[in-house]
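Undergrad: Counting from 313, one number per residue, gives the positions in the sequence shown under our numbering.
Yeah, the Cβ is synthetic: ideal placement off N, Cα and C, and Gly gets one too.
Provided herewith is a single structure, encoded as structure tokens, for subsequent inquiry.
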Amino acid sequence: MALQQIMIKEVDDFCGRKLLIKKLEAYSGLASLEQEKIQFNILIVYFDALYETKMDVESVVIKYRENSYVLIDILSKYIEIYQCETLKFIRKMIRRNLEYTEKLRRLG
Numbered sequence: 313m314a315l316q317q318i319m320i321k322e323v324d325d326f327c328g329r330k331l332l333i334k335k336l337e338a339y340s341g342l343a344s345l346e347q348e349k350i351q352f353n354i355l356i357v358y359f360d361a362l363y364e365t366k367m368d369v370e371s372v373v374i375k376y377r378e379n380s381y382v383l384i385d386i387l388s389k390y391i392e393i394y395q396c397e398t399l400k401f402i403r404k405m406i407r408r409n410l411e412y413t414e415k416l417r418r419l420g
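So, in structure tokens, the structure goes:
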């Protein structure tokens with residue numbers, strides 16, 4: 313199963329696309345820094361595109377690896393403040409994707 317299908321199944325099992333995006337929109341509105349707002353908006357577009365288009369998620373994760381670490385830091389900050397399970401879920405997914413693509417890179 314490709315990473316895109318795995319992620320869609322996980323989102324569906326957790327809360328579904330609409331609720332996930334709605335929560336991300338709420339945190340984008342709470343963002344105190346413009347960079348944080350941009351990162352939340354990137355996540356909104358990313359998760360929406362995950363459902364709307366065929367994506368090579370593995371290549372996206374590899375290409376935007378450094379930004380993934382920025383996202384993890386921002387999510388961690390908001391998790392510390394709000395203890396949000398949705399943000400914990402997204403952070404866990406990003407970390408897993410980084411580990412998964414790192415293994416692929418080593419094999420390739």
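Could you tell me the boundaries of the alpha helix (DSSP H) in which Tyr394 lies?
TA: Here the alpha helix (DSSP H) through Tyr394 covers 377 to 394.
Undergrad: Which residue spans inside the region 346 to 372 form an unbroken alpha helix (DSSP H) run of at least 4?
TA: With a minimum length of 4 residues, the continuous alpha helix (DSSP H) runs that stay inside the region 346 to 372 are 346 to 364.
Undergrad: Is the distance from the Cβ of Leu399 to the Cβ of Ile391 below 7 Å?
TA: Yes, the pair counts as a contact, with Cβ atoms nearer than the cut-off.
Undergrad: So, Asn409 versus Val357, is the Cβ gap smaller than 7 Å?
TA: No, the pair does not count as a contact, with Cβ atoms beyond the cut-off.
Undergrad: Closer than 6 Å by C-beta to Ser340: which residues in its own chain qualify, once you throw out the five before and the five after it? Chain order, please.
TA: Around Ser340: Lys349, Phe352, Asn353.
Undergrad: Determine the extent of the alpha helix (DSSP H) in which Gly341 is found, giving its start and end residues.
TA: Its alpha helix (DSSP H) spans residues 329 to 342.
Undergrad: Rank Glu370, Ser371, Ala343, Ile402 by C-alpha distance to the C-alpha of Arg329 and give the top, closest one.
TA: Looking at the Cα atoms, Ile402 is the closest of the given residues.
Undergrad: Quick check on the DSSP output: the alpha helix (DSSP H) that includes Met313 runs from which residue to which?
TA: Unbroken run through Met313: none, as it is neither H nor E.
Undergrad: Can you tell me whether Ile393 is buried or exposed? The criterion is at least 16 other CB atoms within 10 Å of its CB, across all chains shown.
TA: Exposed.
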